[in-house]
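Student: My questions will all concern the structure given below.
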Amino acid sequence: MPIRKYFRKIFGIKTHSKTEFFLRVAFLLFAIFFLICSLLFVLVAKDLPRPEKFTEHQVFQSTKIYDRTGKVLLYEIYGEEKRTTVALEDMPEYLKQAVIAAEDANFYNHFGIDPEGVFRSVLINLRIKEPIYGGSTLDQQLIRSTFFSTEKTITRKIREIILALELDRRYSKDQILGWYLNQIPLGQNAYGMESASQIYFSKSVSDINLAEAAILTSLIKSPYSLSPYGQNKDGLLIRKDYVLDRMFQEGYINKEEMETAKSQTIKFSTPTTIKAPHFVLYVIENYLKPKYGQDLEYLKENGVKVITSLDWELEELAEKSIQEGILRNKTYNAHNAALVAIDPNNGEVLAMVGSADWFADPYPEGCAPGLDCLFDPKFNIAVGTTKSVGRQPGSSFKPFVYAAAFENGHNDKTVVIDEPTSFGIWGGKEYVPQNYDGLSRGSVTLRQTLAMSLNIPSVKVLVGLCGSTVTESINNAVKMAENLGITTLTPPFGPSIVLGGWEVKLLDMVSAYGVFATEGLKVPLVPILRIEDYSGNIIEENHKNPKRVLSKESAQLITDILSDNNARTPMFGPRSHLYFENYKVSAKTGTTDDFRDAWTMGYTSSIAVGVWAGNSNNAPMIKNQPAATVAGPIFNSFLINALPKLQEPQG
Numbered sequence: 007m008p009i010r011k012y013f014r015k016i017f018g019i020k021t022h023s024k025t026e027f028f029l030r031v032a033f034l035l036f037a038i039f040f041l042i043c044s045l046l047f048v049l050v051a052k053d054l055p056r057p058e059k060f061t062e063h064q065v066f067q068s069t070k071i072y073d074r075t076g077k078v079l080l081y082e083i084y085g086e087e088k089r090t091t092v093a094l095e096d097m098p099e100y101l102k103q104a105v106i107a108a109e110d111a112n113f114y115n116h117f118g119i120d121p122e123g124v125f126r127s128v129l130i131n132l133r134i135k136e137p138i139y140g141g142s143t144l145d146q147q148l149i150r151s152t153f154f155s156t157e158k159t160i161t162r163k164i165r166e167i168i169l170a171l172e173l174d175r176r177y178s179k180d181q182i183l184g185w186y187l188n189q190i191p192l193g194q195n196a197y198g199m200e201s202a203s204q205i206y207f208s209k210s211v212s213d214i215n216l217a218e219a220a221i222l223t224s225l226i227k228s229p230y231s232l233s234p235y236g237q238n239k240d241g242l243l244i245r246k247d248y249v250l251d252r253m254f255q256e257g258y259i260n261k262e263e264m265e266t267a268k269s270q271t272i273k274f275s276t277p278t279t280i281k282a283p284h285f286v287l288y289v290i291e292n293y294l295k296p297k298y299g300q301d302l303e304y305l306k307e308n309g310v311k312v313i314t315s316l317d318w319e320l321e322e323l324a325e326k327s328i329q330e331g332i333l334r335n336k337t338y339n340a341h342n343a344a345l346v347a348i349d350p351n352n353g354e355v356l357a358m359v360g361s362a363d364w365f366a367d368p369y370p371e372g373c374a375p376g377l378d379c380l381f382d383p384k385f386n387i388a389v390g391t392t393k394s395v396g397r398q399p400g401s402s403f404k405p406f407v408y409a410a411a412f413e414n415g416h417n418d419k420t421v422v423i424d425e426p427t428s429f430g431i432w433g434g435k436e437y438v439p440q441n442y443d444g445l446s447r448g449s450v451t452l453r454q455t456l457a458m459s460l461n462i463p464s465v466k467v468l469v470g471l472c473g474s475t476v477t478e479s480i481n482n483a484v485k486m487a488e489n490l491g492i493t494t495l496t497p498p499f500g501p502s503i504v505l506g507g508w509e510v511k512l513l514d515m516v517s518a519y520g521v522f523a524t525e526g527l528k529v530p531l532v533p534i535l536r537i538e539d540y541s542g543n544i545i546e547e548n549h550k551n552p553k554r555v556l557s558k559e560s561a562q563l564i565t566d567i568l569s570d571n572n573a574r575t576p577m578f579g580p581r582s583h584l585y586f587e588n589y590k591v592s593a594k595t596g597t598t599d600d601f602r603d604a605w606t607m608g609y610t611s612s613i614a615v616g617v618w619a620g621n622s623n624n625a626p627m628i629k630n631q632p633a634a635t636v637a638g639p640i641f642n643s644f645l646i647n648a649l650p651k652l653q654e655p656q657g
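If you're matching positions, the sequence shown starts at 7 in the working numbering and goes up one per residue.
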């Protein structure tokens with residue numbers, strides 16, 4: 007049947023010309039489409055909540071992070087929402103302007119959605135080939151954060167748009183902005199600008215300055231990953247400067263105001279609702295975010311229970327040992343320290359103190375984020391290699407090289423000559439290392455040279471005993487360190503690597519020493535034991551399988567040498583901080599040539615421990631103060647109290 011006859015029969019359209027016929031059909035189809043859209047709009051929009059809904063408390067089940075016993079609460083992800091409603095007129099004008107400039111520049115001109123913003127974000131996403139930028143208005147963000155999850159579905163987006171249109175139709179722009187500023191999540195359980203201002207700055211939002219307003223606005227993008235208490239503090243400050251740039255571009259502030267706010271030091275209040283903060287943030291950044299997304303939406307609302315590997319008793323001992331050590335070390339111009347302890351048999355992280363005092367308030371020594379500081383309490387040295395420059399391990403790197411030599415057929419009775427030696431041109435100059443005490447001892451065994459940490463013989467072990475050629479020998483030693491767990495070594499390599507001339511992470515060092523404790527078996531680090539839902543059902547359990555990376559014989563030999571108090575006595579004395587009566591503790595110190603880093607590493611069959619001491623900005627300590635003096639006492643203080651809790655004396 008011809009299409010014209012079909013439509014005439016079904017819809018009763020009577021026309022004489024084709025043009026008139028198709029115009030009427032088009033009008034009819036448009037009317038049907040408009041009717042369907044209208045019905046859909048009515049069905050969805052009729053359920054729009056009353057205005058008061060945006061300021062009412064919403065109940066979410068928070069995720070709680072515990073120690074290994076499941077009894078000590080370390081931290082709560084969101085938990086009870088902290089919200090204090092403040093009238094829009096009581097908020098600074100520049101805070102409102104900052105939010106509009108950064109999040110929705112066309113807020114006062116659009117009708118709930120911004121087609122221009124959507125089109126612009128699509129073009130940007132197409133250009134960078136990633137769906138990073140969105141075109142959501144403040145209306146849409148308010149609707150989403152109040153009623154929907156962040157699940158990206160077409161249905162959710164349609165409902166969001168319809169409700170945003172209806173919201174904008176019903177209420178004034180100032181009402182919507184007020185609800186938004188009191189509703190938006192800003193991290194640390196804070197919902198709304200007033201609660202966030204109290205948490206981050208310990209003052210009312212009405213009292214914040216322009217730079218602080220830019221910080222609060224910056225947190226809207228990603229409250230957790232941009233937290234001033236996390237590892238991405240620099241990212242927050244970069245975002246703050248972007249917000250100020252946008253305010254200048256939109257004409258809200260002049261150039262002088264922008265530059266002044268950019269250069270202003272931001273002092274953050276110390277959060278008090280967190281235990282083992284460096285460890286907790288390490289867990290969030292390195293385990294929970296990769297599994298549950300950067301914004302942790304599932305964890306914020308579904309009330310799971312995260313049982314970590316942390317031993318709270320050992321953590322408290324570690325914090326106490328660090329704090330006592332720093333009081334003593336300030337006389338050596340060493341203002342910071344870090345400690346990590348793991349169970350080498352299963353890779354579980356038992357304690358992690360990333361700086362001397364997380365809760366130092368505001369920042370000691372006149373320090374603030376981004377400044378050149380002797381002590382930055384928030385930076386986690388345990389997992390970070392740099393603050394201004396890198397952390398080098400000094401002689402604590404030597405056992406990895408000796409392990410490579412033992413794997414190459416040598417043993418602790420192998421003899422090398424301790425005498426002044428030139429190892430040729432490296433890095434453009436002659437390399438002639440010296441022993442710490444400046445003495446030479448002639449023929450020495452590998453047991454003696456490792457136990458006493460002699461430099462010249464150790465370089466000879468590196469270049470001559472780990473392979474058939476100098477290059478092969480050095481490469482084999484580097485490969486050994488990497489197999490044990492060191493992740494930060496970058497070529498080109500030279501003979502100074504045996505004396506710790508390359509950057510490392512404290513956490514990697516402890517894990518690598520743990521391989522000696524397990525007689526050559528490496529177990530990946532485990533910060534979480536299991537995760538349960540709110541009913542106690544196990545969502546996941548963390549089990550790691552050991553892998554052999556070193557022969558049992560070589561590992562046992564390293565352990566025996568590092569625990570041989572008689573062999574190290576000529577250099578360290580009979581009762582140094584490396585000696586533990588009634589316990590077999592294998593230990594090694596490390597001090598960099600410029601006295602910027604001091605290390606003490608050690609282990610037993612049940613625990614591996616590492617201590618770093620120095621300054622956050624890598625300022626040198628007082629010269630001629632070895633690691634045994636600076637880091638050793640912290641190591642000794644911690645282990646002497648921890649060992650009775652972990653294992654029986656060994657006579």
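Each residue gets a CB set at the ideal place from its N, CA and C atoms; glycine is no exception.
Nearest CA to the CA of isoleucine 244: which residue from Gln255, Leu225 and Gly257?
Tutor: The residue with the shortest Cα to Cα distance from isoleucine 244 is Leu225.
Student: Out of Ala573, Lys629, Ser622 and Phe586, state which residue places its alpha-carbon closest to the alpha-carbon of leucine 599.
Tutor: Residue 599 is actually aspartate in this sequence, not leucine. Selected option, being the one with the closest Cα: Lys629.
Student: When we look at the beta-carbon of aspartate 174 and count the other beta-carbons within 10 Å, is it buried (16 or more) or exposed?
Tutor: So aspartate 174 counts as buried.
Student: Going by beta-carbon coordinates alone, are isoleucine 4 and tyrosine 540 separated by less than 8 Å?
Tutor: The structure shown has nothing for residue 4, since the chain only spans 7 to 657.
Student: Is it buried or exposed, valine 615, if we count other Cβ atoms within 10 angstroms and call 16 or more buried?
Tutor: So valine 615 counts as buried.
Student: Using C-beta distances below 7 Å, list every residue in its chain close to glutamate 136, excluding the 5 sequence neighbours before and after it, in chain order.
Tutor: Residue confidence for glutamate 136 is low, a pLDDT of 45 falling below 50, so the modelled location carries little weight; the figure read from the coordinates is stated next. So no residue of the chain qualifies.
Student: Cα-Cα, which of Leu242, Phe381 and Leu333 is closest to proline 626?
Tutor: Of the candidates Leu242, Phe381 and Leu333, the one whose C-alpha sits nearest the C-alpha of proline 626 is Phe381.
Student: Of the residues Lys227, His341 and Glu263, which one's Cα is nearest the Cα of alanine 217?
Tutor: With distances taken between Cα atoms, alanine 217 lies closest to Glu263.
Student: Between leucine 563 and the rest of its own chain, which residues show a CB-CB distance below 8 Å, the 5 nearest in sequence each way excluded?
Tutor: If we look at leucine 563 and ignore the five residues flanking it on each side, its Cβ neighbours are Phe412, Asn417 and Asp418.
Student: State yes or no: is the C-beta of valine 469 within less than 8 Å of the C-beta of leucine 452?
Tutor: No, Cβ-Cβ distance for valine 469 and leucine 452 is not below 8 Å.
Student: How long is the line joining the alpha carbons of serine 612 and leucine 652, rounded to whole angstroms?
Tutor: If I take the Cα positions, the gap works out to 7 Å.
Student: For a quick check, are the C-beta atoms of leucine 316 and alanine 362 less than 8 Å apart?
Tutor: Result no, Cβ atoms of leucine 316 and alanine 362 do not sit closer than 8 Å.
Student: Have a look at the DSSP bridge pairing and note the partners of arginine 536.
Tutor: Answer is Ile313 and Glu547.
Student: With 16 other CB atoms within 10 Å as the buried threshold, where does valine 438 fall?
Tutor: Label assigned to valine 438: exposed.
Student: Quick check for students: name the residue ranges of the alpha helix (DSSP H) that lie wholly in the stretch 72-122, counting only runs of 4 or more.
Tutor: You should have 99-109.
Student: So, is glutamine 194 buried or exposed, given that buried needs 16 or more other C-beta atoms within 10 angstroms?
Tutor: Label assigned to glutamine 194: buried.
Student: Could you compute how far the alpha carbon of threonine 565 sits from the alpha carbon of isoleucine 492?
Tutor: Threonine 565 and isoleucine 492: Cα-Cα distance of roughly 19 Å.
Student: Could I get the ranges of all uninterrupted alpha helix (DSSP H) runs contained in the stretch 299-362, with 4 residues as the minimum, in chain order?
Tutor: Correct list: 303-308 and 318-335.
Student: Given a threshold of 16 other Cβ atoms within 10 Å of its Cβ, counted over all protein chains shown, does proline 234 qualify as buried or as exposed?
Tutor: Burial call: buried.
Student: List the whole-angstrom C-beta distance separating leucine 648 from tryptophan 618, where the pair is believed to meet the contact cut-off of C-beta under 8 Å.
Tutor: Just to set this straight, residue 648 is alanine in the shown sequence, not leucine. Actually they do not touch by this definition, with Cβ atoms about 18 Å apart.
Student: Would you decide whether aspartate 240 is buried or exposed? Buried here means 16 or more other CB atoms lie within 10 Å of its CB.
Tutor: Its Cβ having fewer than 16 others within 10 Å, aspartate 240 is exposed.
Student: Going by DSSP in three states, alanine 196 sits in which element: helix, strand or coil?
Tutor: DSSP places alanine 196 in strand when its eight states are reduced to three.
Student: Could you have a look at aspartate 382 and say whether DSSP puts it in helix, strand or coil?
Tutor: Aspartate 382 falls in the coil class under three-state DSSP.
Student: What would DSSP say about glycine 6, mapped onto helix, strand or coil?
Tutor: Beyond the ends of the chain as shown, which are 7 and 657, falls residue 6; an answer cannot be given.
Student: Please report the straight-line C-alpha distance between glycine 473 and proline 399, rounded to a whole angstrom.
Tutor: About 23 Å.
Student: Can you give me the start and stop residues for the beta strand (DSSP E) that methionine 515 sits inside?
Tutor: That residue, methionine 515, is in no beta strand (DSSP E); its alpha helix (DSSP H) goes 512-523.
Student: Report the residue from Ile537, Ile534, Pro530 and Asp180 whose alpha carbon sits nearest the alpha carbon of proline 552.
Tutor: The shortest C-alpha separation from proline 552 is found at Pro530.
Student: Whole angstroms are fine: how far does the CA of leucine 302 sit from the CA of serine 208?
Tutor: In a straight line, the C-alpha of serine 208 is about 25 Å away from that of leucine 302.
Student: Nearest to glycine 433 by alpha carbon, out of Leu242, Pro501, Tyr100 and Thr223?
Tutor: The shortest Cα separation from glycine 433 among Leu242, Pro501, Tyr100 and Thr223 belongs to Pro501.
Student: Between the stretch 102-114 and the stretch 243-261, are three or more C-beta pairs nearer than 8 Å?
Tutor: At 8 Å Cβ cutoff, the stretches touch.
Student: If you reduce the DSSP assignment to three classes, tell me which class proline 191 lands in.
Tutor: Proline 191: strand per DSSP, three-state reduction.
Student: Within 10 angstroms of the Cβ of arginine 334, are there 16 or more other Cβ atoms? Answer buried if so, exposed if not.
Tutor: So arginine 334 counts as exposed.
Student: Run through DSSP, which three-state label would glycine 241 get?
Tutor: In this structure, glycine 241 counts as helix in the three-state DSSP scheme.
Student: Of the choices Tyr100, Glu322, Gln204 and Asp514, whose alpha-carbon is the least far from that of methionine 607?
Tutor: With distances taken between Cα atoms, methionine 607 lies closest to Asp514.
Student: Could you tell me whether the Cβ atoms of isoleucine 348 and leucine 512 are closer together than 8 Å?
Tutor: No; because the gap between Cβ atoms is not below 8 Å, this pair is not in contact.
Student: Please return the same chain residues whose Cβ sits closer than 8 Å to the Cβ of valine 292, not counting the five positions on each side in sequence.
Tutor: Valine is not the amino acid found at residue 292; the sequence shown has asparagine there. Answer for asparagine 292: Val389 and Pro533, listed in chain order.
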